Amino acid sequence: MRPVKLLLDLLYPPKCPFCGRVLERGEEGWCAACQRDLPWTEPGEGKTVEGCALCLSPLWYKDGVRDGVRRYKFGGGRGHAALFGELMAQCLQDRWDGPVDLVAWVPLHPKRKKKRGYDQAELLARRVGELSGLPAEPALEKIRATAVQSQAGENEARRANVQGAYRALPGLDLTGKRVVLVDDVATSGATLAQCAAALREAGAETVVGLTLARAR
Ligand SMILES: [Zn+2]
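The numbers in the working numbering rise by one with no breaks, and the one at position 64 of the sequence shown is 90.
Quick look at the structure:
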């Protein structure tokens, strides 16, 4: 082990992003208990999202997964993108056999990105692209700030909340492209549906949603 890494590990012992426990010797990235016990989805349990051929997620959004996403988004845990993106890339590889040209993501509003310091979906998309050998490029922009979707209430309210909030980047031509659309969590699917519509309007032939977790 390099001395610098050894020192950093002593000062900031690496923790499991899901349960927060300090990792034991031999555990890399996440703990053995979470690897075994997290609420994994089955291959047939993809979510139906309007405008998406399929929406894939390796995990259900509950228990430790919910805590992990919270740490990632609000606890400054941007480093968790490495592991989360790896789980998503694996899920895509296992469950989608169609061709893909591009990895895009559901963008934060620029103001929120500035406040948080990073765009959580962008980091996941870039990691998925890196591991899958696909380009990850900005394709969408958020043109209207919205209430936080997790506080927007029922499905109807969620749809109304994101209506017209996203569009493809001006001048972007996605004619014939097969796009993977990344976000952290799929709840009602309203945000993904809006973004898929914007991608298809720009010419995308197929959109496949990919999130770390999905709500039941
Ligand atoms: Zn754990």
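Backbone N, C-alpha and C fix where the C-beta goes; we use that ideal spot for every residue, glycine too.
Here the structure is a predicted model, which is why all the values come from computation and not from measurement.
Cβ pair residue i, residue j closer than 9 Å
i, j, result
"residue 162", "residue 188", "no"
"residue 234", "residue 154", "no"
"residue 240", "residue 98", "no"
"residue 237", "residue 216", "no"
"residue 204", "residue 190", "no"
"residue 111", "residue 150", "yes"
"residue 56", "residue 134", "no"
"residue 94", "residue 44", "yes"
"residue 158", "residue 115", "yes"
"residue 152", "residue 107", "yes"
"residue 36", "residue 42", "no"
"residue 168", "residue 136", "yes"
"residue 228", "residue 200", "yes"
"residue 143", "residue 103", "no"
Beta-carbon contacts of residue i that lie in its chain and below 7 Å, excluding the five residues immediately before and after
i, result
"residue 221", "132, 166, 192 and 207"
"residue 77", "219, 222, 223, 226 and 233"
"residue 242", "86"
"residue 231", "202, 203 and 204"
Backbone secondary structure at residue i - three-state DSSP
i, result
"residue 167", "strand"
"residue 104", "helix"
"residue 31", "helix"
"residue 137", "helix"
"residue 192", "strand"
"residue 88", "coil"
"residue 154", "helix"
"residue 174", "coil"
"residue 48", "strand"
Residues bridged to residue i (per DSSP)
i, result
"residue 209", "237"
"residue 115", "Paired residue(s): none; residue 115 is not in a bridge."
"residue 82", "236"
"residue 128", "205"
"residue 162", "129"
"residue 56", "In DSSP, residue 56 forms no bridge with anything."
"residue 66", "85"
"residue 99", "None, per the DSSP bridge assignment."
Status (buried if at least 16 other CB within 10 Å, exposed otherwise) for residue i
i, result
"residue 148", "buried"
"residue 121", "buried"
"residue 119", "exposed"
"residue 210", "buried"
"residue 90", "buried"
"residue 123", "exposed"
"residue 146", "buried"
"residue 75", "buried"
"residue 31", "exposed"
"residue 113", "buried"
"residue 34", "exposed"
"residue 58", "exposed"
"residue 186", "exposed"
Cβ neighbours of residue i in the same chain (closer than 6 Å, five flanking residues each side left out)
i, result
"residue 117", "82 and 84"
"residue 72", "80, 81 and 82"
Own chain partners of residue i with C-beta closer than 8 Å, once the 5 adjacent residues on each side are dropped
i, result
"residue 198", "165 and 228"
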